[in-house]
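What follows is a short report on a single structure.
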Amino acid sequence: MDVDFYKKQAQLKQKDHRKFLDGLKKKPPKNLDYLVVEKHEETFREIDCLGCANCCKTTGPLYVEKDIERISKHLRMKPADFEAKFLRVDEDQDKVLQNLPCFFLNDDNTCSIYDVRPKACREYPHTDRKKIYQINNLTIQNTLICPATYVFVEKLKKVLEKN
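Residue numbers for the sequence shown, in our numbering: 1 to 163.
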């Protein structure tokens, strides 16, 4: 997976994507939620995250208390010890990873805590969300990180421009 290629494409089309997504916010089509799920599923049949893992290499998820409890239990650690070893508090007072790439990312791009991974990781890149126009800025940001998000926006744009 050529992450740099997709990032360059996303940079070139940022204004176009923003205009498209802003249009969805102003006048969302009646079937938007259905189309979003359809294009999300289509995209992830074509793109294998294990060939990329750029999100795990470059972007740390937020860890909420439920995540910390679940993961520390899985690792047989006390939550405070888990936090001390892996997390820090960022400028927004959120708990995030101390270092990137993610400590739990294996050499083959699999996740060593996949079954108990943080909610933010389970939901990423948020391309199957209802009312997707509510997260336009996040979607634009994710096109620069996640090739699948770029492909998803392109697919959604193509199908909606036909209508």
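C-beta atoms are modelled at their ideal positions from N, C-alpha and C, and glycine is treated no differently.
Exclusion of the five residues before and after Leu100 leaves Lys57, Thr58 and Gly60 as the residues of its chain whose Cβ lies within less than 7 Å of its Cβ. Among the bridge pairs identified by DSSP, Val96 is matched with Arg88.
Secondary structure note for Phe104: it is in no alpha helix (DSSP H), with a DSSP letter that is neither H nor E. Boundaries for Gly60: no alpha helix (DSSP H) harbours it, and the DSSP string shows neither H nor E there. Judged by DSSP in its simplified three-state form, Cys55 adopts helix. Residue pairing from DSSP leaves Cys121 without any beta-bridge partner. Going by DSSP, Pro147 is part of the alpha helix (DSSP H) stretching over Pro147 to Lys162.
Close CB contacts of Ile68 within its chain, under the 8 Å cut and outside five residues either way in sequence, are with Pro79, Phe82, Glu83, Leu87 and Lys95 (chain order). For Lys66, same chain residues with a beta-carbon under 8 Å away, outside a window of 5 residues either side, are Lys119 in chain order. Taking C-beta atoms as the reference points, Tyr150 and Gln9 count as a pair closer than 8 Å. By a beta-carbon distance limit of 8 Å, Cys55 does not contact Cys111. Their separation comes to about 11 Å. Exclusion of the five residues before and after Leu75 leaves Phe82 and Ile113 as the residues of its chain whose Cβ lies within less than 8 Å of its Cβ. When beta bridges are read from the DSSP output, Cys111 appears opposite Leu105. A direct Cα-Cα distance of roughly 43 Å separates Leu21 from Met77.
Distance from the CA atom of Met1 to the CA atom of Phe44, rounded to whole angstroms, is 14 Å.
Contact between Leu144 and Leu35 fails: their C-beta atoms lie close to 23 Å from each other, not under 8 Å.
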